[in-house]
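Q:
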Amino acid sequence: MVALRIATLAVLATCLVSAAHAQDKVTFATNWKAEAAHGGFYQAVADGTYKKYGLDVTILPGGPQVNNRPLLPAGRIDFLMTGNLLHSFDNVKNGVPTIVVAAMFQKDPQALIAHPGQGYEKFEALRNAPVAFIAKDGQFTWWQWLKVTHGFRDEVLRPYNYNLGPFLANPKAIQQGYSIAEPIYVEDQGKFKPVVHLLADHGFSTYSTLIEARAETIKTKPDLVQRFVDASILGWVHYLYGSRQVANALMIRQNPEMTEAEIEASVALMKSQGIVDSGEALASGIGAMSADRIKDFYGQMVKAGLYKDGEVDLSKVATLQFINKRVGMDVKAQLGGK
Amino acid sequence: MSPRLLPALTLAALVLGWEALVRLAHIPAYTLPAPSLVAQTLWQNFPSLASSWWFTLKITFGALALACAGGVAIAAVFALSRRIELAFFPVAVLLQVTPIVAIAPLILIYVESTTAALLLCAWIVAFFPILSNTVLGLRAADPNLRDLFHLYGATPWQRLRLLLMPSALPYFLAGLKISGGLSLIGAVTAEMVAGAAGRETGLASRILEASFRTETPKMFAALALLVATGVLIFWTFNALSRRLLGPWHASERL
Amino acid sequence: MSAGAGHITLQQVEKRFAEGLLALRDVSLRVGEGEFVALLGPSGCGKSTVLRLVAGLDTPTHGTVDAPALRGGGTSTAFVFQEPTLMPWANLFDNVWLPLRLAGVSRAQADESVRTMLGSVGLGDFEQAYPAELSGGMKMRASIARALVTQPRVLLMDEPFAALDEITRSRLNADLLAWWTLRRLSVLFVTHSVYEAVFLSQRVLVMSPRPGRVMAEVVVDQPYPRDPAFRTSAAYVSACREVSDSLEAAMSGTRP
Chain A
14 MVALRIATLA
24 VLATCLVSAA
34 HAQDKVTFAT
44 NWKAEAAHGG
54 FYQAVADGTY
64 KKYGLDVTIL
74 PGGPQVNNRP
84 LLPAGRIDFL
94 MTGNLLHSFD
104 NVKNGVPTIV
114 VAAMFQKDPQ
124 ALIAHPGQGY
134 EKFEALRNAP
144 VAFIAKDGQF
154 TWWQWLKVTH
164 GFRDEVLRPY
174 NYNLGPFLAN
184 PKAIQQGYSI
194 AEPIYVEDQG
204 KFKPVVHLLA
214 DHGFSTYSTL
224 IEARAETIKT
234 KPDLVQRFVD
244 ASILGWVHYL
254 YGSRQVANAL
264 MIRQNPEMTE
274 AEIEASVALM
284 KSQGIVDSGE
294 ALASGIGAMS
304 ADRIKDFYGQ
314 MVKAGLYKDG
324 EVDLSKVATL
334 QFINKRVGMD
344 VKAQLGGK
Chain B
2 MSPRLLPALT
12 LAALVLGWEA
22 LVRLAHIPAY
32 TLPAPSLVAQ
42 TLWQNFPSLA
52 SSWWFTLKIT
62 FGALALACAG
72 GVAIAAVFAL
82 SRRIELAFFP
92 VAVLLQVTPI
102 VAIAPLILIY
112 VESTTAALLL
122 CAWIVAFFPI
132 LSNTVLGLRA
142 ADPNLRDLFH
152 LYGATPWQRL
162 RLLLMPSALP
172 YFLAGLKISG
182 GLSLIGAVTA
192 EMVAGAAGRE
202 TGLASRILEA
212 SFRTETPKMF
222 AALALLVATG
232 VLIFWTFNAL
242 SRRLLGPWHA
252 SERL
Chain C
80 MSAGAGHITL
90 QQVEKRFAEG
100 LLALRDVSLR
110 VGEGEFVALL
120 GPSGCGKSTV
130 LRLVAGLDTP
140 THGTVDAPAL
150 RGGGTSTAFV
160 FQEPTLMPWA
170 NLFDNVWLPL
180 RLAGVSRAQA
190 DESVRTMLGS
200 VGLGDFEQAY
210 PAELSGGMKM
220 RASIARALVT
230 QPRVLLMDEP
240 FAALDEITRS
250 RLNADLLAWW
260 TLRRLSVLFV
270 THSVYEAVFL
280 SQRVLVMSPR
290 PGRVMAEVVV
300 DQPYPRDPAF
310 RTSAAYVSAC
320 REVSDSLEAA
330 MSGTRP
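Protein chains in written order, with the working numbering: chain A, 14 to 351; chain B, 2 to 255; chain C, 80 to 335.
(1) What separation, rounded to the nearest whole angstrom, lies between the Cα atoms of V322/C and F96/C?
(2) Alpha carbon to alpha carbon, what distance is there between L209/B and M193/B?
(3) Listing by chain order, which chain C residues have their CB less than 7 Å from the CB of N145/B?
(4) List in chain order: all unbroken alpha helix (DSSP H) runs of 4+ residues lying wholly within the stretch 173 to 224 of chain B.
(5) Please confirm if W168/C has its CB atom under 8 Å from at least one CB of chain B.
(6) Measure the alpha-carbon distance for R305/C versus S192/C and round it to whole angstroms.
(7) Does the stretch 160 to 178 of chain C come close enough to the stretch 211 to 219 of chain C that 3 or more CB-CB pairs lie under 8 Å?
(8) With 8 Å as the threshold, decide whether the Cβ of R171/A is near any Cβ in chain B.
(9) Mark A313/C as exposed unless 16 or more other C-beta atoms lie within 10 angstroms of its C-beta, in which case mark it buried.
(10) Straight-line CA distance for R186/C to W176/C?
(11) Check each residue of the stretch 141 to 152 of chain A: if its Cβ is closer than 7 Å to any Cβ of chain B, include it; give the result in chain order.
(12) Name the two residues that bound the continuous beta strand (DSSP E) containing H210/A.
(13) Would you say F129/B lies against chain A (beta-carbon separation less than 8 Å)?
(14) Less than 8 Å separating the beta-carbons of K106/A and F213/B?
(15) If I'm right that F385/A touches P179/A with Cβ under 8 Å, what's the distance once you round it to whole angstroms?
(16) Give, in chain order, every residue of the stretch 136 to 150 of chain C whose Cβ lies closer than 9 Å to some Cβ of chain B.
(17) Taking the beta strand (DSSP E) that Q36/A falls in, what are its first and last residues?
(18) Checking 8 Å against the spacing of the C-beta atoms, do L101/C and L267/C come in under that value?
(19) Given a cut-off of 8 Å, decide if V297/C and L318/C are closer than it, judged by their beta-carbon atoms.
(20) So, under 8 Å CB-CB, A155/B and L181/C are touching, yes? Tell me the CB distance rounded to an integer number of Å.
(21) Does the Cβ of V228/B lie closer than 7 Å to at least one heavy atom of the ligand PLP?
(22) Strictly below 8 Å CB to CB, what residues from chain B border G190/A?
(23) Look at the Cβ atom of A225/B, then the Cβ atom of K219/B, and state whether they are nearer than 8 Å.
(24) For Y63/A, which residues in the same chain have their Cβ closer than 7 Å to its Cβ, ignoring the five residues on either side in sequence?
(25) Taking L50/B as the reference, which of L25/B, A195/B, E201/B has the closest Cα?
(26) Reducing DSSP to helix, strand and coil, say where L96/B ends up.
(27) Around the C-beta of Y303/C, are 16 or more other C-beta atoms found within 10 angstroms, so that it is buried, or is it exposed?
(28) What is the DSSP secondary structure of I19/A, reduced to helix, strand or coil?
(29) Please report the straight-line C-alpha distance between E270/A and S192/A, rounded to a whole angstrom.
(30) Would you say R200/B faces chain A, with C-beta separation under 8 Å as the test?
(31) Find the residues of chain A that neighbour E216/B, judging by a C-beta separation of less than 9 Å, and give them in chain order.
(32) Excluding the five sequence neighbours on either side, which residues of its own chain have a C-beta within less than 6 Å of the C-beta of S218/A, listed in chain order?
(33) Please list, in chain order, the residues of the stretch 171 to 183 of chain C that have any C-beta partner in chain B closer than 8 Å.
(34) D358/A: buried (16+ other C-beta within 10 angstroms of its C-beta) or exposed?
(35) Looking at the secondary structure, which residues open and close the alpha helix (DSSP H) in which T135/B lies?
(36) Within this structure, are the beta carbons of T140/C and E93/C separated by less than 8 Å?
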């Protein structure tokens with residue numbers, strides 16, 4: 014009798030406990046193949062941080078011909094990584110109901126690179142390059158800003174197909190790249206250190222590696238969103254300041270063309286250039302955002318002719334409710350993060 | 002029911018069905034815009050879309066003209082010398098079967114002017130049907146007529162003008178009908194690869210731009226103009242063929 | 080036989096084709112000025128090859144061919160094929176104008192000749208018509224009109240009426256004789272119909288099977304004009320029998 018009652022209670026208790034720890038299935042799509050710039054997310058998967066927060070996360074990588082952006086409003090994925098705020102402005106302008114919930118990079122690593130010793134040491138010289146290799150995504154967004162604000166011309170533009178060959182072959186050419194990635198590959202393949210000009214240093218003040226979610230998800234499952242953001246932030250803290258081994262191994266499995274050396278070099282650059290943990294993040298934790306900075310960046314883009322004044326309702330672009338909570342800062346201190 | 006009315010009514014029905022679907026299922030504009038919204042967007046953006054349309058038309062018809070000139074000239078050479086034909090036909094076939102989407106990026110990088118690169122890409126796609134059909138046509142002259150011309154002492158120029166060219170005309174026109182559509186496809190493919198490059202950009206580039214900026218109605222508006230161009234080309238060459246071959250060729254007498 | 084500008088002579092002509100086929104072996108024949116001669120034989124005996132040699136479209140491997148076409152006369156020889164061989168993209172006027180045009184005669188200059196010729200073959204109302212709009216018989220008349228428009232000295236005809244029906248054929252036979260009587264040019268008429276050969280010609284040359292040679296000559300001694308009644312006369316019947324016997328003998332390899 015008693016034994017039966019105890020057994021029933023035990024079963025019930027186990028069910029409740031399981032229910033509490035039931036994993037929410039979550040799909041997170043990125044904007045490229047696995048690379049160091051996604052390190053924090055892979056860390057959270059590999060070291061079980063997402064699991065600890067009750068999330069069963071699948072990372073869906075992007076790639077050269079892959080465009081994951083439509084998947085979010087279509088409901089096929091839960092969270093989306095985007096490269097800059099321009100995508101978010103466009104979404105709001107066209108009535109797409111998605112919102113930015115966190116900004117993992119305080120600086121956009123989008124850069125222009127050139128051969129050394131060709132006169133491109135100063136940023137102003139880049140606009141006179143005879144050939145500029147720019148990929149589709151950039152052609153219709155930040156390249157337009159470069160044209161208006163810095164005098165670049167469409168005549169020199171050539172399609173960039175994520176192949177370094179044409180750039181390496183032509184000393185007078187310039188091309189796009191992430192400041193924390195392409196220079197490493199150029200040194201590997203071309204055996205020289207390229208000149209790197211960060212767009213962020215010349216007025217392109219957007220946040221980067223943003224996490225976007227559907228407005229509906231934020232309204233109906235705010236707890237889920239908060240857990241995903243917090244776990245992702247912790248992932249980044251561990252990735253930057255702790256042991257990266259399991260994360261790197263996972264990334265290399267997903268993208269076999271990547272090497273450990275390239276990843277580590279990239280992380281070093283991320284730190285030295287203050288891509289992730291700088292500015293507002295130093296005070297409020299990784300992922301930090303402020304309405305002022307978003308407004309300021311929008312103003313710059315209006316000046317560059319990409320948008321009209323008042324065309325985008327900035328309140329719909331991002332929500333600050335999930336970040337600025339100093340999440341992970343204690344862990345960072347523990348790891349001796351610098 | 003008149004033969005012109007049936008396709009027009011079918012098209013109208015499809016458009017109405019599309020409009021109804023979007024309204025009833027509340028499909029958002031950024032996923033599938035209603036035809037009414039597309040029309041409105043087209044109207045609002047017409048000045049800028051029109052100049053892109055003009056550019057695409059220039060590339061398409063420019064490439065087609067070059068394909069005619071090149072195709073006919075090379076066909077004449079091939080028809081004159083079997084040896085040259087045997088030697089160079091494989092080159093022509095190679096160009097035909099290599100997917101333009103794969104070689105367009107290389108051409109765009111290594112050819113100085115973007116416009117020239119686009120013309121070249123569209124030309125590569127368009128010239129082969131004209132070449133192969135015209136070669137066939139030039140060889141298709143009635144052997145008895147050939148004998149007759151020989152009997153009456155025709156000069157090579159007379160033979161070309163009065164016998165070979167008219168004999169080849171139906172074949173050439175068949176090739177032209179095919180190449181008309183292909184030069185549009187070639188131009189669009191090349192533009193898609195080129196993106197924003199070059200001083201002027203065509204409709205395909207505007208489609209890409211709209212797609213990247215999530216401006217789906219504008220994307221559909223540009224697409225509508227492209228479709229209209231394809232239809233225009235189809236009708237034009239059909240009418241041309243009817244005009245030139247109408248009185249006498251089996252293909253138009255049905 | 081007279082030796083005028085329109086005569087044709089073949090002497091011991093042999094024709095072997097590149098593939099090794101021996102088409103003609105020791106062919107000798109003459110067509111005099113203004114004569115109507117039929118060349119008769121089974122399929123494949125080389126009759127068409129003889130015509131092509133006379134027209135200068137081919138050359139003999141051995142022997143000699145003497146004909147106006149080979150004596151440098153551009154428009155002296157006309158050829159009528161079994162198919163009408165009209166240019167389908169041109170109307171009848173342009174088709175008949177062609178031989179004159181190739182000789183450098185302008186459309187305006189040729190206008191009268193072409194119209195007259197079309198009229199005389201009964202196609203006066205069909206100047207603007209395209210070949211696709213005409214019947215087989217009409218197309219053949221147009222082909223003959225084209226042949227006669229240059230006022231040739233020699234007319235070569237290769238089974239021109241073989242593809243037509245009985246009625247049209249006999250009508251065209253009568254018309255052909257009428258046109259020939261008017262112009263008295265030399266005609267070499269290839270056929271495999273005994274009845275046609277006898278009705279039309281003054282002499283019938285009978286050829287053997289491949290490799291062809293002239294095995295027999297039958298003279299049809301009947302003055303012109305020849306009317307339909309001729310077909311039922313005793314002279315006609317006996318001539319036909321003679322030609323048929325010669326043909327049979329030629330085909331079995333014996334001389335009659």
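Using N, Cα and C, we set each Cβ at its ideal position, and we do this for glycine too.
A: With the given structure in hand:
(1) CA-to-CA, the gap between V322/C and F96/C works out to about 29 Å.
(2) 7 Å
(3) F160, E162, T164
(4) With a minimum length of 4 residues, the continuous alpha helix (DSSP H) runs that stay inside the stretch 173 to 224 of chain B are 204 to 213.
(5) yes
(6) 27 Å
(7) yes
(8) yes
(9) Burial call: exposed.
(10) 7 Å
(11) Correct list: K149, D150, Q152.
(12) 208 to 211
(13) no
(14) No, Cβ-Cβ distance for K106/A and F213/B is not below 8 Å.
(15) Since the first residue of chain A shown is 14 and the last is 351, residue 385/A is not available in this structure.
(16) L136, A148
(17) Looking at the DSSP string, Q36/A is not in any beta strand (DSSP E), and its letter there is neither H nor E.
(18) no
(19) In the sequence as presented, Leu is not what sits at residue 318/C; that position holds Ala. Their beta carbons are under 8 Å apart, which means A318/C touches V297/C by this criterion.
(20) The distance from the Cβ of A155/B to that of L181/C is about 5 Å, consistent with a contact at the 8 Å cut-off.
(21) Because no ligand of any kind appears in the structure shown, any question about the ligand PLP cannot be addressed here.
(22) By Cβ distance, chain B contributes nothing, its closest Cβ being about 17 Å from G190/A, past 8 Å.
(23) no
(24) A57, V70, A244
(25) E201/B
(26) helix
(27) exposed
(28) helix
(29) 19 Å
(30) yes
(31) D103, K106, N107
(32) Counting only residues of its own chain and dropping the five nearest sequence neighbours on each side, S218/A has a CB closer than 6 Å to the CB of F310.
(33) L177, P178, R180, L181, A182
(34) In the structure as shown, chain A starts at 14 and stops at 351, and residue 358/A therefore has no counterpart that could be examined.
(35) 115 to 140
(36) yes
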